[in-house]
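So the protein sequences, as listed, match chains A and R. Residues 1 to 556, numbered by full-length UniProt numbering, are exactly what the first sequence covers, in order. Residues 1 to 556, numbered by full-length UniProt numbering, are exactly what the second sequence covers, in order. By construction, the Cβ of each residue, glycine as well, lies at the ideal position given by its N, Cα and C atoms. Values in this document were obtained by computation on a predicted structure and should not be read as measured data.
Number of protein chains: 2
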Amino acid sequence: MKSDIQIAHEAQLLPVQAIAEKLGVDADDLELYGKYKAKFSSSIWPKIADRKNGRLVLVTAINPTPAGEGKTTVTVGLGQALNHIGKNAVIALREPSLGPCFGMKGGAAGGGYAQVVPMEDLNLHFTGDFHAITSANNLLAAMLDNHLFQGNALDIDPKRIIFKRCLDMNDRALRHTVVGMGGPKDGVVREDGFIITVASEIMAILCLASDLNDLKQRLGRIIVAWTRSGDPVTARDLQAVGAMATLLKDAINPNLIQTLENTPAIIHGGPFANIAHGCNSVRATRLGLKLADIVVTEAGFGADLGAEKFFDIKCRMSGLRPNCVVLVATTKALKYNGGAGKSEWQHENMAALEKGIVNLGKHIENLKKYGVPVVVTLNAYASDTANEHAFIRRYCQERGCRFALAEVWEKGGPGGVELAREIIDTLETEPEHFQPLYPDTLPLSAKIETIAEEIYGADGVTYSAAARTTLEKLEGMGFGHFPICMAKTQYSFSDDPSLLGRPAGFKIHIREVYVSAGAGFVVALTGAIMTMPGLPKTPAANIIDINEDGLIGGLF
Amino acid sequence: MKSDIQIAHEAQLLPVQAIAEKLGVDADDLELYGKYKAKFSSSIWPKIADRKNGRLVLVTAINPTPAGEGKTTVTVGLGQALNHIGKNAVIALREPSLGPCFGMKGGAAGGGYAQVVPMEDLNLHFTGDFHAITSANNLLAAMLDNHLFQGNALDIDPKRIIFKRCLDMNDRALRHTVVGMGGPKDGVVREDGFIITVASEIMAILCLASDLNDLKQRLGRIIVAWTRSGDPVTARDLQAVGAMATLLKDAINPNLIQTLENTPAIIHGGPFANIAHGCNSVRATRLGLKLADIVVTEAGFGADLGAEKFFDIKCRMSGLRPNCVVLVATTKALKYNGGAGKSEWQHENMAALEKGIVNLGKHIENLKKYGVPVVVTLNAYASDTANEHAFIRRYCQERGCRFALAEVWEKGGPGGVELAREIIDTLETEPEHFQPLYPDTLPLSAKIETIAEEIYGADGVTYSAAARTTLEKLEGMGFGHFPICMAKTQYSFSDDPSLLGRPAGFKIHIREVYVSAGAGFVVALTGAIMTMPGLPKTPAANIIDINEDGLIGGLF
C-alpha cells in the first residue's frame with residue numbers, strides 16, 4: 001500500500017494559474033508563491049462583488065481518537081467528488097500549525113487519495129501567514145514591555161498584563177516565564193508566558209476581519225493590560241496598530257492550492273478548535289462562495305467544539321448561513337467512545353460500537369438545534385466490516401438522518417460520489433433555517449451555561465472565583481453581548497478527556513475567562529486545557545528529514 | 001525633494017523573470033514570490049557549475065554615525081553605475097532584520113536613486129528566510145527543553161545550557177528570562193534568554209553553508225549545552241537536524257530582486273555585523289560570481305567589524321578572494337569622528353574634518369593588511385562643500401589610495417560613474433594578493449589579540465575569568481583552529497562607543513566567549529554589546545502604517 005506522501009508525489013499538479021482559471025480568476029489577481037501556491041490579490045474583490053453566492057457545506061465530526069478521524073480527508077474527498085460529478089465546488093480549509101507538525105501529529109493535509117498538495121509546503125511555512133501573525137503579536141508585546149520600561153506613561157499595572165507573546169511551536173517551557181530580568185537596562189521584571197500562534201487573538205482577528213480596515217479596527221481594540229486604576233489598555237493606546245497591520249498586509253489575503261484531483265482549495269487562517277475558535281477565515285469562505293457553486297469547509301475537532309464555534313462565532317459575526325452539515329464518524333472513534341482500546345479498533349467489535357454510537361447520536365441532536373440539515377458520513381477504513389457499516393447506517397436512518405459512506409481515502413473523488421449526491425439532494429430539497437444556539441442578549445454566564453447544557457449535556461457550570469469576577473467585570477464594561485469561545489478538550493463532551501461516549505452527570509468548570517475584544521468574543525478556559533502545547537517524549541521532529549534531492553520524510 | 005519611498009514607488013520595475021534573464025537564468029530555475037521577488041531554485045547549480053567566476057568587490061565603510069553612512073546606497077549605486085557603463089554587474093546584499101525596522105532605523109534598502117525594490121517587501125517578511133531561521137532555532141530550543149522534561153537521558157546540566165531561543169524583534173524584556181515555571185507538567189525551571197534572529201548561530205550557518213548537505217553537517221555540530229560531566233551536547237544528539245534542515249529547505253536558496261535601474265540584486269542572509277559575522281550568504285556570493293562579471297557586495301557597519309569578518313571568516317572559510325575593496329566615508333561621519341555634534345554635520349567644519357579623518361586613515365591602513373586594492377569613495381551629500389571634498393580626496397591621494405566621489409543618492413547609476421571607472425581600472429591593473437589577518441594555527445586568544453591590536457589599534461586585551469576559562473576549554477576541545485567573530489560596538493575602533501576618531505591607549509575587554517561549532521567560529525563579546533536590542537522611547541513602529549490602498553508609510 002502506498003504512503004500518503006508517495007501518493008502526493010505521484011500527483012499530476014496543475015500550475016496554480018490553471019487552478020485559478022477554473023474559478024474564473026485571472027492570473028493578474030494572483031501573487032504566486034512558487035509554481036503551485038498563490039495568494040489572491042486584493043484586486044480581486046471589486047471584480048467579484050456582484051457575483052451570486054454559492055452554497056456552504058460544513059464538515060464536522062464526532063469526538064475523535066487521538067489520531068483524528070479524517071475530517072480533512074472527507075472534506076477534500078467531498079470537494080473532489082462534487083467536481084467528479086460535474087459540480088463547481090471549492091474546498092476551504094485552515095492552514096496547519098508548525099507546532100503539532102513537529103510534535104505528535106505530523107502534517108495535516110488529508111490522506112490517501114484525498115489530499116491537498118503540495119503537502120510539504122502547506123505543512124511548513126506555506127505563504128508565511130502564521131509567521132506574520134507571530135511577528136505582529138510579538139511586536140505588540142515588545143511595544144508593551146517597552147512602554148513599561150520607558151516610563152509607563154499609561155500607568156499600566158505590570159501585574160495585570162494579559163497579552164502574551166506567541167510562537168508557532170509546541171514548547172511547554174514557555175507557558176510560564178519571567179521576563180525583564182538582568183540589569184536596569186533590560187526591562188521591567190514581570191511574570192509572563194507564551195501561547196501557540198494559533199491561539200493568539202491576532203489569529204482570531206485575521207480569521208474574522210472582513211477587510212484591511214476592519215482588521216485595523218479590531219487590532220486597535222485588543223486589550224493588552226489594565227491600568228493601576230483598572231482601565232483597559234489597548235493596542236491602539238500603544239500606537240501599535242499601523243505597524244501590526246503592515247506586518248499582516250499579505251497575510252489577510254487567502255491562499256490557493258489544489259487537491260490531488262486538481263480541485264481548487266482555498267486555505268487561510270488556522271486557529272485550533274480546542275483553545276481557539278477553530279475555523280478558517282471569513283474572507284476565504286466569502287471568496288469561495290463568490291467563486292464556486294459549493295464551498296466545502298471544515299471546523300476543527302468534534303462538533304461540540306468546531307461546529308459550535310463555526311455557528312455561534314463565525315456565522316453569527318459574518319452573516320454566513322450554512323446550507324448543510326456533514327458529520328464525520330469512523331468505526332474506530334465510535335469503538336473508542338464505547339471504551340475499546342487502540343488494539344481493538346481494527347477488529348469488528350459490535351458491543352463497543354453499540355456502546356459508543358451514543359456519541360454520534362448526541363452530535364446529531366446538537367446539530368439539529370441549529371436548523372441546518374445534517375448528513376452523516378462514515379470515513380471508511382479497510383478493516384471496517386459490513387456489519388459495522390450496516391449498523392451505523394441503520395442508526396442514522398432511525399433518527400431521520402441521511403447517511404453515506406465515504407471511501408475517499410482509498411478511491412479519491414469517485415469514493416465520495418454517494419456522499420456528494422446526498423449533499424446535492426439535501427441542498428436542492430432541504431432548506432436551512434439556521435439560527436445560532438443563543439442570542440447576543442443573553443448574559444455571558446448564561447451563554448456558557450447554554451453551551452454546557454445544550455451541547456455538552458452537562459448538569460451545570462462551576463466557576464473559579466477569578467472567572468466569576470472577570471465575567472462580572474466584562475458585563476460591566478459592555479462586553480456582555482459577545483459570544484463565548486470555549487477552550488475545552490476535544491476528546492469528550494465534558495472537560496475531562498477520559499469521559500467518552502455520551503457522558504452525563506458532570507459539571508463544566510470554568511477556570512479562567514478573558515475577553516478578546518478585537519476578535520469580539522469572550523474566551524472561557526475549562527479543565528486543564530493549555531494554550532501552549534508540549535512536545536511528546538519522542539516528537540515527530542526526531543524523524544522528519546530532507547535528503548539531497550529535497551525529498552522530505554516523516555511529515556506524515 | 002522626493003522621499004525615498006516616493007522615488008521607489010515611481011520606479012519602473014521589470015518582472016523578476018526579466019531580471020533573471022539578464023543573468024542568463026531561465027524562468028524554470030526561479031520560484032516566484034509575487035511579481036517582483038523570486039528564489040533561485042536548487043536546479044540552477046548544476047547548470048552554472050562550469051561557468052567562469054566574475055570579480056568580487058567588497059563595499060565597507062569608516063566608523064558610522066548612528067544614522068549610518070549610506071554603505072548600502074553606495075553598493076546599489078555602484079552596481080547601477082557599472083551596468084550604466086555597459087558592464088555585467090550584480091549586487092549581493094544581506095536581508096534586513098524586522099527588529100531595527102520597527103525600532104530606530106526604519107527600512108534598509110539603500111536610498112535616493114540607489115535603492116533595491118520592492119523595498120516594503122524586502123523590509124517586511126520578504127521571502128520568509130528569517131522566519132524559517134527563527135522556527136529552526138526555536139524548534140531546537142523546544143526539543144532541548146523537552147529532553148530535559150522527558151527524563152534528560154543525555155544528562156544535560158540545566159545550568160550549562162548555551163543555546164538560546166530567538167525572535168526577529170527588538171525586545172529587551174526577553175534578554176534574561178526564566179522558563180519552565182508553573183506546575184510539574186510545565187517543564188524544567190531554568191534561567192534562559194532570547195537573542196535576535198540575526199545573532200542566531202543558525203543565521204551564521206545558513207550564510208556559510210555551501211549546500212543542503214553542508215548545512216545539515218553544520219546544524220548537527222551546534223553545541224547547545226554541556227552535560228553534568230562536562231561533555232558537549234549537540235543538535236545531532238537531540239535528533240533535531242533533519243527537522244531543522246526541513247524548515248530551512250527554501251531559506252538556503254538565494255533571492256532575486258532589482259534596483260531602481262533594474263540591476264539584478266541577490267539578497268540572502270543577514271547576520272548583524274556588530275553581534276554576528278555581518279555578511280550575506282556564501283551561496284549568494286558564489287551564485288553572483290557565476291552569473292555576472294562583477295559582484296558588488298557589502299559587509300555591515302565599519303571595516304573594523306564588517307570587512308574584518310568578511311575577510312577572516314567568510315573568505316577564509318569559503319575560499320572566496322576579493323578583488324577590490326571600496327571604503328565609504330561621508331563628511332558627516334568624518335566630522336562626527338572629529339567630535340562634531342549632529343547640528344554641525346550639515347555645515348563646513350574643516351577643523352572637525354581634519355580631526356576625524358584619522359578614522360579613515362586607520363581603515364585604509366587596516367584594509368591594506370589584507371592585500372586587496374582599496375578605493376575610497378565619498379557618499380556625497382548636498383550640504384557638502386567643495387573644500388571638504390578636496391581635502392578628503394587629497395588625504396587619500398597622499399596615502400597612495402584611489403578616490404572617487406559617489407553621487408548615486410542624487411543621480412543613481414550616472415552619479416557613480418567616476419567610482420565605477422576607478423573600480424574597473426583597479427580590477428584590470430591591480431592584482432589582489434589576499435590573505436587573512438591571522439593563520440588558523442594561532443591560538444584563540446592570540447587571534448583576539450591580533451584583531452584588537454592590528455585592526456582596532458588597542459594596547460592589548462583583558463579577559464573576564466569566565467572568558468579565559470572558556471577559551472582554554474575550547475582550545476582543549478579542538479576548536480583552537482577556528483577564526484574569531486568579535487561582537488563589538490560599531491561606533492568606535494574600541495569597545496567604548498564614545499571613543500571616536502582613531503583612539504589609542506585603550507584595551508579591549510572580553511566579557512564572554514562561546515563557540516559556534518556549526519558556524520565554525522568562536523564568538524568574543526566585548527563591552528556592553530547586546531545580542532538582543534531594545535526599542536527606543538519612540539519606536540518607528542509608532543508611525544508605520546498602511547492605508548486602504550495598501551500604501552505603507554513610515555518604513556523610511
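Listed in chain order, the non-local C-beta contacts of Lys39(A) below 8 Å within the same chain comprise Leu30, Glu31, Tyr33, Thr127, Asp250, Asn253, Pro254, Asn255 and Leu256, local neighbours out to five positions each way being set aside.
Here the segment 258-278 of chain A does not lie against the segment 44-54 of chain A, with fewer than 3 beta-carbon pairs under 8 Å apart. The Cβ-Cβ distance between Val376(R) and Cys324(R) does not fall below 9 Å. When secondary structure is reduced to three states using DSSP, Gly553(R) falls in the strand class. If you check the CB distance, Ala458(A) and Glu512(A) do not come in under 9 Å. For the segment 286-305 of chain A, the set of positions with a beta-carbon nearer than 9 Å to some beta-carbon of chain R is empty. By the CB criterion at 9 Å, Phe301(A) and Asn63(A) fall inside the cutoff.
Exclusion of the five residues before and after Ile529(A) leaves Asn274, Ile275, Ala487, Lys488, Thr489 and Asp495 as the residues of its chain whose Cβ lies within less than 8 Å of its Cβ. With respect to chain R, the C-beta atom of Gln258(A) has no partner C-beta closer than 9 Å.
Within the segment 125-143 of chain A, those residues whose Cβ lies closer than 7 Å to any Cβ of chain R are, in chain order, His125, Gly128, His131, Ala132, Ser135, Asn138, Leu139, Ala142 and Met143. Contact of Lys164(R) with chain A by beta-carbon distance below 9 Å is absent, the smallest such distance being about 12 Å.
Contact annotation: in the segment 461-492 of chain A, no residue has its CB less than 8 Å from a CB in chain R. Of Glu428(A), Val74(A) and Val198(A), the smallest CA-CA separation from Cys279(A) is found for Val198(A). Contact annotation: the segment 521-538 of chain R touches the segment 166-177 of chain R, with at least three C-beta pairs closer than 8 Å. Distance from the CA of Tyr456(A) to the CA of Met119(A), rounded to the nearest whole angstrom, comes to 34 Å. Here DSSP, grouped into helix, strand and coil, assigns Tyr336(A) to helix. Using a CB distance cut-off of 9 Å, Met350(A) does not count as an interface residue toward chain R. Between Val224(R) and Leu320(R), the gap from beta carbon to beta carbon reaches 9 Å or more. For the C-beta of Lys537(R), the chain A residues within less than 7 Å are, from N- to C-terminus, Gln150. Chain R places no beta carbon closer than 9 Å to that of Ala235(A), leaving this residue out of the contacts. In the three-state reduction of the DSSP assignment, Ser135(A) falls in the helix class. With a threshold of 16 other beta carbon atoms within 10 Å, Met244(R) meets it and is buried. Residue burial is scored here from C-beta neighbours: Lys335(A) has at least 16 other C-beta atoms within 10 angstroms and is therefore classed as buried. As far as DSSP is concerned, Gly112(A) takes part in no beta bridge. Classified as exposed, Pro66(A) has fewer than 16 neighbouring CB atoms from the shown chains inside 10 Å of its CB. Within the same chain, and ignoring the five residues on either side of Asp440(R) in sequence, the residues whose Cβ sits closer than 6 Å to its Cβ are His481. Beta-carbon to beta-carbon, Gly371(R) and His433(R) are separated by about 4 Å, close enough to satisfy the 8 Å threshold.
Here DSSP, grouped into helix, strand and coil, assigns Asn274(R) to coil.
When 7 Å is used as the limit between beta carbons, Leu167(A) is near these residues of chain R: Asn138, in chain order.
Taking a C-beta distance under 9 Å as the contact criterion, Asn53(R) and Leu289(R) qualify as a contact pair. Straight across, the Cα-Cα distance linking Glu475(R) with His347(R) is about 52 Å.
Annotated as proximal: Ile222(R) and Leu140(R), with beta-carbon spacing under 9 Å. A contact between stretches requires three or more CB pairs, one per stretch, nearer than 8 Å, and the segment 233-241 of chain A fails this requirement with the segment 203-213 of chain A. Judged by DSSP in its simplified three-state form, Asp192(A) adopts strand. By DSSP's assignment, Glu512(A) forms a beta bridge with Leu525(A). DSSP links Pro232(R) through a beta bridge to Trp226(R).
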